Amino acid sequence: MMRLLVGKELLALRREPRLWVLGLGLALLLALALFAAAQQQQKQEQERQAIGEDVRAQWDRQGIKHPHRGAHFGMYVFRPREPLAAFDPGIVPYVGQAIWLEPHRRNLARHEPAADNGPVQRLANVSPAFLLNALLPLLILALAFNQVTREREQGTLRLLQSQGVSRLAWLVSKLIAVALGLAALLLPLLGGAAVAAYAAGGLSLLIQTLWLEAAYLLYYVVIAGLGLALGACCRGSRAALCLLIALWAAWVFAVPRLAAAAAQRLVPLPAADQFWAAIARDYRQGLPGDPDLATQVAGFEAALLRRYGVQRLEDVPLGVNAARRLMRDAYADRVHAHHFDELWRRYEQQQQVLRGFAGFSPVLTMQLLSSALSATSLSSQQHFEAMAEDYRRSFNRRIDEWDRDHTQGLVSYEQAYGANTLWQSMPVFEAAGPPPAQVLRQARPEMTLLAIWAALMIGCLTWAARRV
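Counting from 1, position 239 in the sequence shown corresponds to residue 330 in my numbering; the numbering is continuous, with no gaps.
(1) Roughly how many angstroms separate the alpha carbons of Glu173 and Glu476, rounded to a whole number?
(2) With three or more beta-carbon pairs closer than 8 Å as the criterion, would you say the region 535-547 touches the region 486-495?
(3) Exposed or buried, Ala306, counting other C-beta atoms within 10 Å across all chains shown (16 or more means buried)?
(4) In the DSSP assignment, what residue or residues form a beta bridge with Glu193?
(5) Under 8 Å Cβ to Cβ from Leu266, same chain only, skipping five residues before and after it: list those, please.
(6) Find the nearest neighbour of Val269 within the set Arg243, Leu308 and Ser503, judged by alpha-carbon distance.
(7) Distance, Cα to Cα, Val211 vs Tyr374?
(8) In whole angstroms, give me the CA-to-CA distance for Ile298 and Val444.
(9) Output the boundary residues of the beta strand (DSSP E) element that contains Tyr167.
(10) Which residue comes first and which comes last in the alpha helix (DSSP H) that contains Gly316?
(11) Could you name the residues of the same chain whose beta carbon sits closer than 6 Å to that of Gln440, not counting the 5 residues immediately before and after it, in chain order?
(12) Tell me where the alpha helix (DSSP H) around Gln506 begins and ends.
(13) For Val407, count neighbouring Cβ atoms within 10 angstroms of its own Cβ and tell me buried if that reaches 16, exposed if not.
(14) Within its chain, find whatever has a CB closer than 7 Å to the CB of Arg224; leave out the 5 residues flanking it on each side and keep chain order.
(15) Please return the same chain residues whose Cβ sits closer than 8 Å to the Cβ of Gly410, not counting the five positions on each side in sequence.
(16) In angstroms with no decimal places, state the Cα-to-Cα distance between Phe486 and Pro518.
(17) Could you pull out every residue in the same chain whose Cβ sits closer than 8 Å to the Cβ of Leu259, ignoring the five residues on either side in sequence?
(18) Under the three-state reduction of DSSP, which class applies to Gly562: helix, strand or coil?
(19) Determine the direct distance from the alpha carbon of Gln473 to that of Gln355, and round the result to whole angstroms.
(20) Could you check which residue in Arg147, Glu100, Arg94 and Thr539 has the C-alpha nearest to that of Arg241?
(21) Straight-line CA distance for Asn412 to Tyr399?
(22) Under a Cβ-count criterion, where at least 16 other Cβ atoms within 10 Å of its own Cβ denotes burial, should Val567 be classed as buried or exposed?
(23) Going by beta carbon distance, what residues of the same chain come within less than 7 Å of Lys156, once the five residues before and after it are set aside?
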């Protein structure tokens, strides 16, 4: 019986011009958006590589100077471009893509791509993910809104009921037919994307892409099921259309805006001047339970004198200034980690607020999940900034250790004895995005939200079947 019902619904969809006209139009828009996004990403990646090479060349050829002055020459490191960012840029346009690395201080990421775009370019930056997140659901709702009301108005619903057809099975057959119709439109695109992902990133990127595609397919089934269920509860096709369009507008525009405003209001971020002032205070005065910096330095110097059995720092058989810097920077790293961890905790709390509002919008749920699976979410930004901080600590520590081991006593900062060989010995920053296993693990909350929406859709279909 189910096969007959699905066959009947597929035949009706095949004769439905809305499916083909809207589907082909959306496919054309998606192809154009993908092409434009890929071209823009390629251009940005070329610029990033060129600037990165120039920055490294300047570092390597800064000449003879005191090692610590050389460290203060500093350098930029740049966030790697994720392969799926062309499809879903996520938060990437709105967060810093470069970090200035220098001794003693951990900096925030800067140079947001959106800040460089003019008004016209901002209007043109429609991502492929937005088309699939927002516009394709509108097409699905346009197909689903009168699937039940049309048969009620034509009298075929009463005929089916007289033949003993289960109302739930009838609704499910319509859902299966809509899902198969969408699959016919999307599978060529999804297959091409999978092949391109494997060619670009091998098996790991292919697995990540397949998870993303599976999430989108489930998302569309959820939208179709909700459209059928809610449309079935309306008395006429016009009422069903108005209801679903109003819901679509709320899901796409109202709920995400309310969620962002609520996140900023409920979990405010510290002002920049307060943030840096707190770091400077805790560095000088010490974290809770620690002595102040002057006491720590005095204790360190006294320990050096005892260790080497001398009376003056000038007689210590290693570079005292460099050793002192290593101690002070280690504590500065602790202070920065304390405050940056608190900042990232607030970011995560804001993300939790967004997830809470995703319970009112499947579109917002899919936006969060798509960004997470594309490695363009908040977690991916945190991964980049953590890599940059590890690298900053490493190369500053290497320089100070070299200075400590190649000098004795107190050496003036005016002495120049660090050469290009020292700068060139520092390893190059190897930018890499999070591995697919980490991406999938960090996307679990959003996957759970989508599963909840799927369960809600099943409940709505069951409820609607009793009201038909």
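For glycine and all other residues, C-beta sits at the position ideal for the given N, C-alpha and C. Note that this is a predicted model, so its numbers are computed, not measured.
Taking the structure as given:
(1) Going from the Cα of Glu173 to the Cα of Glu476 covers about 15 Å.
(2) Contact between the region 535-547 and the region 486-495 is absent: fewer than three C-beta pairs spanning the two stretches fall below 8 Å.
(3) So Ala306 counts as buried.
(4) The partner list for Glu193 (beta bridge, DSSP) reads Arg196.
(5) The residues are Val312, Ala315, Gly316, Leu319 and Leu552.
(6) Measuring C-alpha to C-alpha distances from Val269 to each of Arg243, Leu308 and Ser503 identifies Leu308 as the nearest.
(7) Below a pLDDT of 50, predicted positions are generally treated as unreliable, and Val211, at 48, falls in that range; the measurement from the model is reported next regardless. Across the structure, Val211 and Tyr374 are spaced so that their CA atoms are roughly 45 Å apart.
(8) Each residue's CA atom was taken as its position, placing Ile298 and Val444 some 29 Å apart.
(9) Run containing Tyr167: Met166 to Phe169, per the beta strand (DSSP E) assignment.
(10) Here the alpha helix (DSSP H) through Gly316 covers Arg258 to Ala323.
(11) Around Gln440: Val358.
(12) No residue range can be given for Gln506, since it is assigned to no alpha helix (DSSP H) and is classified by DSSP as neither H nor E.
(13) With 16 or more Cβ atoms within 10 Å of its Cβ, Val407 is classed as buried.
(14) It should be pointed out that residue 224 corresponds to Asn in this sequence rather than to Arg. If you ignore the 5 residues before and after Asn224, its C-beta comes within less than 7 Å of the C-beta of Val454, Met457, Gln458 and Ser461, all in its own chain and listed in chain order.
(15) The residues are Asp494, Arg495, Asp496, His497, Thr498, Gln499, Gly500 and Val502.
(16) Cα-Cα distance, rounded: 8 Å.
(17) Non-local C-beta neighbours of Leu259 in its own chain, meaning closer than 8 Å and more than five positions away in sequence, comprise Leu552, Thr553 and Ala556, ordered along the chain.
(18) Nothing about residue 562 can be reported from this structure: the residues present for the chain run from 92 to 559 only.
(19) One C-alpha to the other measures close to 19 Å.
(20) Per the Cα distances, Glu100.
(21) Straight-line Cα distance between these residues: approximately 16 Å.
(22) Residue 567 cannot be examined here, being either before or after the span of the chain that is shown, 92 to 559.
(23) Cβ-Cβ distances below 7 Å link Lys156 to Ala507 and Gly509 in the same chain, with the five nearest sequence neighbours on each side left out; the list follows chain order.
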